[in-house]
Amino acid sequence: MELRLIERDISKLKGDALVVGAYEHGFTDMAKAVDKQMGRLLSALARDLAFKAKLSDTIYIPSHGKTLKVKNVILVGLGKKGKLDEDAVRKAASSSLKKVKEIKAKDICFEALGEDVLKEKGVKALAEGILLSSYEFRKYKKDKEKVHIKSASILADKSTEKQLSLGKILGEATNFTRDIVNEPGNAITPNELARIAKEISRKYGFECTVYGLKELRKNKMNGILAVGQGSKNPPKFIHIGYKPERIKKRLVIIGKGITFDSGGLNIKTQRSMKTMKCDKSGACAVLGIMKAIGELKPDVEVHGLIPTAENMPGGEAFRPDDIITFANGKSVEIHSTDAEGRLILADALIYGSKLRPNIMIDMATLTGACVVALGNYTTGLFCNDDNLARDLLNVSIRTGEKIWRLPLDEDLKDEIKGSYSDIKNIGSRYGGAITAGLFLKEFVNKDVKSWAHLDIAGPAFLEKSWKYYAEGATGVPLRTIIEFVLSIS
Ligand code: BES
Ligand code: ZN
Ligand code: ZN
């Protein structure tokens with residue numbers, strides 16, 4: 000879809016539909032002007048339909064190209080002006096697009112919804128909302144080329160160009176990530192993730208190293224090797240490096256890349272296995288983040304690390320009772336082959352620590368327990384640094400990617416104490432997201448003073464549509480990480 004800025008002149012507008020906004024206390028200036036042009040038909044209809052302008056309410060009226068050149072006018076509710084934030088703009092964009100689809104409009108114009116309150120950030124949020132809510136995964140459908148919307152033009156000043164372009168980069172990188180997550184396990188293997196990583200790296204001039212079996216063995220990346228040994232598709236470790244000329248901070252981001260999680264020998268049930276193509280969401284977020292970094296070129300050195308494997312049962316698979324020794328010398332006894340994410344992340348955290356980052360962040364669809372704790376829509380945050388935790392929480396309020404901090408409760412450390420090894424890979428049923436976080440912490444070098452673990456098991460993949468997201472992958476927490484990088488750049 001084409002997304003661009005146009006002049007703020009309603010008399011010149013063409014196209015299939017124009018979207019204008021209304022707050023609960025009254026129309027925006029643009030909506031008022033449109034209403035006037037239409038001989039007050041818009042406000043009359045709003046009154047007749049008892050339109051209250053609650054956030055995301057919409058009504059529409061055809062103009063038949065008589066009073067305006069544009070064919071239809073959509074009025075979207077923005078709620079209370081004092082409550083309008085970036086996410087409200089994304090939601091309003093999304094509900095407007097639903098109406099747009101209903102009336103089969105293809106070329107649409109948007110008033111810069113929320114610009115009066117949020118300034119240029121409103122235009123950024125609107126661009127994100129348009130791109131995120133028009134996303135569909137249609138690759139395997141007969142009519143895959145079918146697109147609803149051809150172009151979207153936002154009526155705003157040239158001075159908002161930069162924020163529009165940021166919104167575009169964020170929206171497009173998110174949809175890029177969603178496209179990979181939504182691909183099934185028979186299409187995306189560890190090797191395929193490596194191929195995509197190389198492709199991005201070539202395009203943006205990143206360094207890219209892919210470790211195969213030989214290199215994994217040489218580097219004692221025994222977690223990745225163990226988890227991957229039951230699959231015909233061999234495991235990999237991917238390192239993408241972005242090094243700008245001016246470096247303010249060094250950041251390591253890590254994403255869990257289980258291309259399919261059957262549970263291994265501790266096999267999952269039919270119900271819980273169904274969506275496990277999503278277990279590579281963290282890895283795909285890394286790929287999308289690196290793509291956006293390539294576009295934005297911030298003054299932050301960014302290393303994207305992806306440990307990737309397919310967790311399968313079979314004659315070669317790793318087993319309960321196996322003991323794995325990691326490169327940092329710690330031994331882990333396997334109590335469940337389904338707690339595999341932490342094993343591949345352990346290798347990546349050891350490797351990432353050696354890069355001496357100022358900040359290290361891992362993202363993983365790690366535990367069902369986190370979904371039990373926080374529900375489907377919120378990421379669990381575990382962090383050894385209160386400042387980093389505060390910064391991530393603050394950014395996430397703006398991006399609408401909800402995060403809630405959970406404690407790394409040292410009192411639960413006993414739960415993962417091993418009997419034949421230093422540690423075991425699961426605790427009890429209680430506090431399962433926390434014991435997973437405590438496990439990861441064992442592999443973060445003491446020199447890394449700022450480390451955050453994001454458990455995205457809930458929000459990375461939706462079984463039904465929510466907010467501006469269709470069912471399936473959401474790309475969470477990509478936008479939060481990029482906005483965070485920009486905030487330290
Ligand atoms: N990939 C799953 C976690 C998951 C659950 C992701 C739901 C997305 C949605 C992870 O590897 C897993 O199986 N975790 C186990 C851990 C348990 C064995 C301690 C779980 O959560 O049941
Ligand atoms: Zn698992
Ligand atoms: Zn998993």
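For the sequence shown, numbering that gives the first Met the number 0 gives the first residue as 0, with consecutive numbering after it. Cβ coordinates follow ideal geometry from the N, Cα and C atoms, glycine included.
Please give me, in chain order, every unbroken run of the alpha helix (DSSP H) with length at least 4 that falls completely inside the stretch 417 to 450.
431 to 440
Residue burial classification, Asn386 (beta-carbon count within 10 angstroms, cutoff 16):
Locating residue 386 in the sequence shown gives position 387, where the first residue counts as 1. Under this definition Asn386 is an exposed residue.
What are the start and end residues of the beta strand (DSSP E) that includes Ile73?
Position 74 of the sequence shown holds residue 73. That run of the beta strand (DSSP E) goes 71 to 76.
When you compare the CB positions of Leu411 and Phe381, do they come within less than 8 angstroms of one another, or not?
Position 412 of the sequence shown, counted from the start, is the residue given in the question as residue 411. Position 382 of the sequence shown, counted from the start, is the residue given in the question as residue 381. Cβ atoms of Leu411 and Phe381: not closer than 8 angstroms.
May I ask you to report which of helix, strand or coil DSSP gives Tyr350?
On the sequence shown, position 351 is the one that residue 350 refers to. Three-state DSSP puts Tyr350 in a helix.
So is the beta-carbon of Ala339 under 7 angstroms away from any non-hydrogen atom of ligand 1?
For the purposes of this step, residue 339 is identified with residue 340 of the sequence shown, where counting begins at 1. Contrary to the premise, residue 339 reads as Glu rather than Ala in this sequence. Yes, since a heavy atom of ligand 1 falls inside the 7 angstroms radius drawn around the Cβ of Glu339.
Classify Lys143 as helix, strand or coil using the three-state DSSP reduction.
Taking the first residue of the sequence shown as 1, we reach residue 143 at position 144. Coil at Lys143, not helix or strand.
Proximity test, Asp260 beta-carbon vs ligand 2 heavy atom, cut-off 7 angstroms:
Taking the sequence shown and counting its residues from 1, the one referred to as residue 260 is at position 261. Yes, Cβ of Asp260 sits closer than 7 angstroms to a heavy atom of ligand 2.
Assumed close pair Gln228, Ala155 - CB separation to whole angstroms, cut-off 8 angstroms:
For this step, residue 228 is matched to residue 229 along the sequence shown. For this step, residue 155 is matched to residue 156 along the sequence shown. Going by Cβ atoms, the distance from Gln228 to Ala155 rounds to 55 angstroms, so no, they are not a contact pair.
Backbone secondary structure at Ala21 - three-state DSSP:
Reading the sequence shown from its first residue, position 22 is the one you call residue 21. Three-state DSSP puts Ala21 in a strand.
Let me know if Gly204 comes out buried or exposed under the rule of 16 or more other beta-carbons within 10 Å of its beta-carbon.
As a first step, residue 204 is located in the sequence shown; it is residue number 205 there, counting from the start. By the 10 Å Cβ count, Gly204 comes out exposed.
Using 8 angstroms as the cut-off, can you tell me whether the stretch 355 to 368 makes contact with the stretch 339 to 346, which would need three or more C-beta pairs spanning the two stretches below that distance?
yes
Using only CA atoms, which one of Ile415, Lys65, Asn221 lies nearest to Leu407?
Numbered from its first residue, the sequence shown carries residue 407 at position 408. The candidate whose alpha carbon is nearest that of Leu407 is Ile415.
CA-CA distance, Ile129 and Ala91?
Here the question's residue 129 lines up with position 130 in the sequence shown. Here the question's residue 91 lines up with position 92 in the sequence shown. Looking at the two C-alpha atoms, the distance is approximately 9 angstroms.
Helix, strand or coil: how does DSSP classify Ala151 here?
Reading the sequence shown from its first residue, position 152 is the one you call residue 151. Correct three-state label for Ala151: strand.
Nearest-angstrom Cα distance between Asp28 and Ile5?
The sequence position of residue 28 within the sequence shown is 29, counting from 1. The sequence position of residue 5 within the sequence shown is 6, counting from 1. Each residue's Cα considered, the two are about 17 angstroms apart.
Among all the DSSP beta bridges, which residues are the ones paired with Val331?
Residue mapping note: residue 331 aligns to position 332 of the sequence shown, counting from 1. Its beta-bridge partners are Ile323, Ile422.
Considering Cα atoms alone, identify which of Gly314, Asp34, Arg428, Gly367 is closest to Arg270.
Counting from one through the sequence shown, the residue named residue 270 turns up at place 271. Comparing Cα-Cα distances from Arg270 to each of Gly314, Asp34, Arg428, Gly367, the minimum goes to Gly367.
Which ranges does the alpha helix (DSSP H) cover as unbroken runs of at least 4 residues, wholly within the stretch 340 to 412, from first to last along the chain?
340 to 353, 367 to 373, 385 to 398
Can at least three beta-carbon pairs, one atom from the stretch 202 to 219 and one from the stretch 164 to 183, be found at a separation below 8 angstroms?
no
Closer than 7 angstroms: is that where the CB of Gly431 sits relative to any heavy atom of ligand 1?
As a first step, residue 431 must be located in the sequence shown, where it is residue number 432. For ligand 1, at least one heavy atom lies less than 7 angstroms from the Cβ of Gly431.
What do you reckon, is the C-beta of Asn310 under 7 angstroms from a heavy atom of ligand 2?
The residue given as residue 310 occupies position 311 in the sequence shown. Flag set: Cβ of Asn310 near ligand 2.
Contact the stretch 110 to 118 vs the stretch 135 to 150: 3+ CB pairs below 8 angstroms:
no
For a quick check, are the C-beta atoms of Ser335 and Ile425 less than 8 angstroms apart?
Counting from one through the sequence shown, the residue named residue 335 turns up at place 336. Counting from one through the sequence shown, the residue named residue 425 turns up at place 426. Yes, the Cβ-Cβ distance between Ser335 and Ile425 is below 8 angstroms.
Select from Asp47, Ser95, Thr66 the residue whose C-alpha is nearest the C-alpha of Leu54.
The residue you call residue 54 lines up with position 55 of the sequence shown. Looking at the Cα atoms, Ser95 is the closest of the given residues.
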